[in-house]
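Report on the structure given below.
Number of protein chains: 4
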Amino acid sequence: MPDSTPDIRELGKKVSNWGRWGPDDELGTTNLITPERVAAAAPLIRTGEVFDLGIPLDENGPQPGGYRINPVRLMSDTGQEQLFPGGFKYADDYVFMPLQAASQYDSLAHVHYDGFLYNGHPDSGLTVKGASRCGIDTQAKGIAGRGVLLDVARFRGIDWLEGGTAIGAEELTDVAAAQEVDVRPGDIVLIRTGWRKKFVTDNDAVEFTSSEPGLALECATWLRDRDVAVVGSDNFGIEVFPGENPDALMELHMVLIRDMGMTLAEMLDLEELAHACAADGRYEFFYAGPPLKFTRGVGSPINPLAIR
Amino acid sequence: MPDSTPDIRELGKKVSNWGRWGPDDELGTTNLITPERVAAAAPLIRTGEVFDLGIPLDENGPQPGGYRINPVRLMSDTGQEQLFPGGFKYADDYVFMPLQAASQYDSLAHVHYDGFLYNGHPDSGLTVKGASRCGIDTQAKGIAGRGVLLDVARFRGIDWLEGGTAIGAEELTDVAAAQEVDVRPGDIVLIRTGWRKKFVTDNDAVEFTSSEPGLALECATWLRDRDVAVVGSDNFGIEVFPGENPDALMELHMVLIRDMGMTLAEMLDLEELAHACAADGRYEFFYAGPPLKFTRGVGSPINPLAIR
Amino acid sequence: MPDSTPDIRELGKKVSNWGRWGPDDELGTTNLITPERVAAAAPLIRTGEVFDLGIPLDENGPQPGGYRINPVRLMSDTGQEQLFPGGFKYADDYVFMPLQAASQYDSLAHVHYDGFLYNGHPDSGLTVKGASRCGIDTQAKGIAGRGVLLDVARFRGIDWLEGGTAIGAEELTDVAAAQEVDVRPGDIVLIRTGWRKKFVTDNDAVEFTSSEPGLALECATWLRDRDVAVVGSDNFGIEVFPGENPDALMELHMVLIRDMGMTLAEMLDLEELAHACAADGRYEFFYAGPPLKFTRGVGSPINPLAIR
Amino acid sequence: MPDSTPDIRELGKKVSNWGRWGPDDELGTTNLITPERVAAAAPLIRTGEVFDLGIPLDENGPQPGGYRINPVRLMSDTGQEQLFPGGFKYADDYVFMPLQAASQYDSLAHVHYDGFLYNGHPDSGLTVKGASRCGIDTQAKGIAGRGVLLDVARFRGIDWLEGGTAIGAEELTDVAAAQEVDVRPGDIVLIRTGWRKKFVTDNDAVEFTSSEPGLALECATWLRDRDVAVVGSDNFGIEVFPGENPDALMELHMVLIRDMGMTLAEMLDLEELAHACAADGRYEFFYAGPPLKFTRGVGSPINPLAIR
């Protein structure tokens, strides 16, 4: 834990990627997932085992109600009453859901402050119609490449970190070292806190969303120094909550999304993958997690695959 | 084009996979995507170029209204009015959509006839609550592996095949031969008819869904003989429509989904991928197209990635 | 409180209206609101004061989540970005909601048992497509006529009855007598328990829906004897919950809806009306509470007007 | 038809009600429906016949798709699979719909221009969260009172006026005279053009929404002179479309809603009511059309009752 909390705007400037990929850029750190790096990640597929990191989309999800609800999926037909020639019968269904209800990407339009989104795009581009800049559809060709799991809960030897527990930069370094895995530019780094396991154990959506273990603010620098492309976790918001600064809210979101331009992958299920990584000591894999192409969308539900 | 249309129930029995993977199987032909085959497909990633095969999810999609509508995405907040401590502001959005509105998988629960789904699961398992068997969530660990594009429109030297044009089995063989690509067990085979290009050109949803070029019935046998795992296309329903048999509807759906147990990938955008394949003559790639994990869902919107 | 709980199927037969208005009837007790009775109720409008009995439709409603959620209303446009000729700007909005989320009618298709809906309509008419018989749209011409408030909470001299408190038939008679109002055939009778006031006071949706004060089973006979057309209340389900019979669920719903064919009006706000009635001692009024015409719908949100 | 189209901003000022009911007023002309006028309208209920003016809410409604869709109602349960103690079974349903999809009120937040809503409320009060002023919930206690039908189609002796046909002020006066009915302050005036009948005849949503017969601009003055409280019609937007001024859009909406502060009732079904009025020559009735109480909502679906 840091002795003192950095002023968030100072930290933002320090780790900023504004202008790095041109004044019009809307992709941010996924620019770091170059074709070369994607190709270099292919040999990480060895056994062909596939792990699905998305959580189920249904009424038992982690949303307690309020400004986000769990997905409501309803059948529009089952087919049994249909009388088409030849006997063909089909079933269809609809869903109503917040795009941020479960496993999902925060697009770079999800968070802004002081009037600007990532790369200086004015927040006036966010209207009732959606995100005219930095929407999730701009990330449509991603997100695939080298994935690395940092299993903090296992490193600590516990099932899960308690809510409000901050994970500092030094611990990330230590976990990587203990796992004998390096973090490289363009990586998709997944942090396992065990918070999903706690939700599956307790089945308490209010508990899951009221606090969480997660990254300390200083991790922004750690991620920036390594040019990580995407960070994901099994909690609802990557960062420790309540945060380190009692006078602010979701400061790591502010810095990662708006200043660094980093897409976040939240509410993943890393349990099965973590078991497999621990079993053979290999914490890298090929990650393939395409967002849906919601035009001007702020986020997208996902079910990323980790292929080993 | 075949001289005569086979009786669909005879054809269904001939190509059936019922019982092949045990009496409880709900996966069907995605069983053919073994870990070994996934691993063997990894070297298809060479340059690291990524192609996104999903179409945009918005109000301008291919649904003309009626039993399916285009996605309605609405903002629940933009953040501009928020006054959180520290200046954090966030945007969120919701979607209401048929899971079959755009690029999507038909799960094995999507089609049934004569009282049964794939593998003899009774259609009574399809209720107002969804698919108790063969739902799209059972395919959660997929679908990734070797992908092959068969570009029929290019083979014919045209922008698109007209609605109602059947693609026969012999033509599939000829296209593969002309492209110098083989189709192997466990492959995800994508058929390009150009029908998506026609939609983008004409922007006419009624036209897009009123007819389509697509596979002839006899292709069921062709796909079964080669143990193809998944078939996808740029039209709305894989098969030629209107179909060959005027006294029936969607017969290839009946056979592929219910008898063979094949997951279908519909309404893909294959244009950019097809250009790249034609440019270097390489029609195989790594396909990563995870469905969302809708519990008991009949289908899922997708944005599959083809990585070359 | 009754000494013993009647067998519900015996009670159902006793109060049944099956066949009373012909074998095809789908209206049930709203048949009792004859034009003559509507006309006779008009003079109840004296001062022209209007009371709105619907509760607000928003995210702070009485649904704690689960199988019913509170309404989600989202803007599709605000107009500010529009550039129509002449300067016209418009705003629009959408809603997603359970039709049973807030103040609402239970149609006669809402409850069934032993294979039948009201009047012997088979429950197979209830499919994924909705209610082929007894849907809320069959009540489209209603519901308007003489309304009577029975203010049980005031009669007891308390703000609200506690959850689980049963209101017996004798008490209904006593309340009417104390209020010097009679209950007549074709009346819309509104029972005030104060449960809405408790929700507004505590703002606890789990509490509101976990138990409630309400009518005892024996009130079915009381309502049938007086040929009441519609019964409404400020709780979520008219009847006391948990019910008198620990081996059953919502028994009064079973009898009122399926056997008597009575439309129920639930989750009303009777506070302001009750104040006015108490102030001048006049507990009758003109009630105008049209349902929306959802084709084959099971229920409808409402905002009934009581006009005095 | 007027010789020349008035400048809309001049007309707006002329008929303006800004400030008439105080600087904070959000109700506009429904202020004219005083309790005295409601009470005076009660004797219009003579035979007790009830006419439902709402159109069905289902997939066959008048929306052709695009920015508004028809309601999508889906079942969340039918009950058949339920196994509650005692045999209780229930059905429930959900709806997703634009609040402006079918018979509905335009609240005073629906239209604005030059930065202001009715009564000078700044349009900045319209945000992604809804209407902070002039929302439909402010009209919750209405709308009930004296209703008058002006049957223009019958006056002209035709089934319906063609799309684009303007109804002038003089014709309104003539229709009222022919029908021997007067229009009084606080009235809810319903204009029958026959456009709903055309929709029911042709079943063509594109036709229904592409043009319409309706009020000419000059009718704003006619309505203001008579202090009409609410105007309704069987077309989609009250006013003739395309409008009289080719350089503008929906000008009568601009003046009626934003300047006069008049709530509009659109897409009503006046057919049955018109028959009854013609049969006995009585064109006045008691109108009871409560909006649903959508907090900050822009509009509300309605099913108003006309009681004679």
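Protein chains in written order, with the numbering used here: chain V, 871 to 1178; chain G, 871 to 1178; chain Y, 871 to 1178; chain S, 871 to 1178.
The beta-carbon is built from N, C-alpha and C at its ideal position, and this holds for glycine as well.
In this text the structure is predicted, and so the values were computed from the model without any measurement.
- One Cα belongs to Leu1042 (chain G), the other to Ser973 (chain G), and the distance between them is close to 23 Å.
- Gly918 (chain G) and Leu1143 (chain G) have their alpha carbons spaced roughly 13 Å apart.
- Interface annotation, Lys959 (chain S): in contact with chain Y, CB-CB separation under 8 Å.
- Taking C-beta atoms under 8 Å as the contact rule, Leu1122 (chain G) and Leu1085 (chain G) qualify, at a distance of about 6 Å.
- Annotation note: the stretch 1033-1076 of chain G contains the following uninterrupted alpha helix (DSSP H) runs of length 4 or greater, listed N- to C-terminal: 1039-1049 and 1065-1072.
- Between Gly957 (chain S) and the set Y:Leu897, Y:Arg879 and Y:Leu914, the nearest pair of CA atoms involves Y:Arg879.
- Beta-bridge pairing by DSSP links Gln974 (chain Y) to Y:Glu1136 and Y:Pro1171.
- For Glu1114 (chain V), no Cβ of chain G is located within less than 8 Å of the residue's own Cβ.
- Residues of chain G with a Cβ closer than 7 Å to the Cβ of Phe966 (chain Y) are, in chain order, Phe966.
- Per DSSP, the continuous alpha helix (DSSP H) segment holding Val885 (chain S) begins and ends at Ile878 to Val885.
- Straight through space, the alpha carbons of Val1125 (chain S) and Val942 (chain G) are spaced by roughly 31 Å.
- By the neighbour-count criterion, in which a residue is buried when 16 or more other Cβ atoms sit within 10 angstroms of its Cβ, Glu1040 (chain V) is exposed.
- Boundaries of the beta strand (DSSP E) around Arg1016 (chain V): Ala1014 to Asp1021.
- Lys883 (chain Y) counts as exposed, since fewer than 16 other beta carbons sit within 10 angstroms of its beta carbon.
- Under the Cβ distance rule, Val908 (chain G) does not count among the residues neighbouring chain Y, no pair being separated by less than 8 Å.
- Counting C-beta pairs with one atom in each stretch, the stretch 975-987 of chain V and the stretch 995-1007 of chain G have fewer than three that are closer than 8 Å, which means they do not touch.
- Around Ala912 (chain V), the beta-carbon contacts reaching into chain G at under 9 Å are Ala912, Pro913, Leu914, Ile915, Arg916, Gly918, Phe1156 and Ile1177.
- Between Ser1081 (chain G) and Thr948 (chain S), the alpha-carbon positions lie close to 35 Å from each other.
- At least one C-beta of chain Y is nearer than 8 Å to the C-beta of Asp1117 (chain S).
- Under the DSSP assignment, Glu1141 (chain S) falls in the alpha helix (DSSP H) whose first and last residues are Glu1141 to Asp1150.
- The beta-carbon of His1123 (chain V) is placed less than 8 Å from the nearest beta-carbon of chain G.
- If you compare the alpha carbons of G:Asp963, G:Lys999, G:Asn887 and G:Lys1163 with that of Gly1167 (chain V), the shortest gap goes to G:Asp963.
- Assigned with DSSP and collapsed to three states, His982 (chain Y) falls in strand.
- Asp1044 (chain Y) has its alpha-carbon roughly 43 Å from the corresponding atom of Thr997 (chain Y).
- In the three-state scheme derived from DSSP, where H, G and I count as helix and E and B as strand, Leu944 (chain S) is classed as strand.
- Taking the Cα of Pro926 (chain G) as reference, the smallest distance to any Cα among G:Lys999, G:Met967 and G:Arg1024 is reached at G:Met967.
- Non-local C-beta neighbours of Arg1094 (chain Y) in its own chain, meaning closer than 7 Å and more than five positions away in sequence, comprise Val885 and Met1130, ordered along the chain.
- The beta-carbon distance between Ile1037 (chain Y) and Thr1133 (chain Y), rounded to whole angstroms, is 20 Å. This is too long to meet the 8 Å contact definition.
- Flagged as an interface residue toward chain V: Val942 (chain Y), by a C-beta distance shorter than 8 Å.
- By the Cβ rule, the stretch 889-900 of chain G does not count as touching the stretch 1144-1156 of chain G, because fewer than three pairs are nearer than 8 Å.
- Counting every other CB atom within 10 Å of its CB across the protein chains shown gives Ser994 (chain Y) a total below 16, marking it as exposed.
- Contacts between Asn1173 (chain Y) and chain S, judged by CB atoms closer than 7 Å, involve Ala1010, Pro1160, Pro1161, Leu1162 and Lys1163 in chain order.
- Residues of chain S whose Cβ lies closer than 7 Å to the Cβ of Ser1080 (chain V) do not exist, since the nearest Cβ in that chain is about 24 Å away.
- Nearest to Trp1092 (chain Y) by alpha-carbon distance, out of Y:Ile1028, Y:Ala1048, Y:Arg1054 and Y:Asp1021, is Y:Arg1054.
- Residue burial annotation: Ala1149 (chain V) is exposed, with fewer than 16 other C-beta atoms found within 10 angstroms of its C-beta.
- Residues of the stretch 981-1011 of chain V with a C-beta less than 7 Å from any C-beta of chain S: Val998, listed in chain order.
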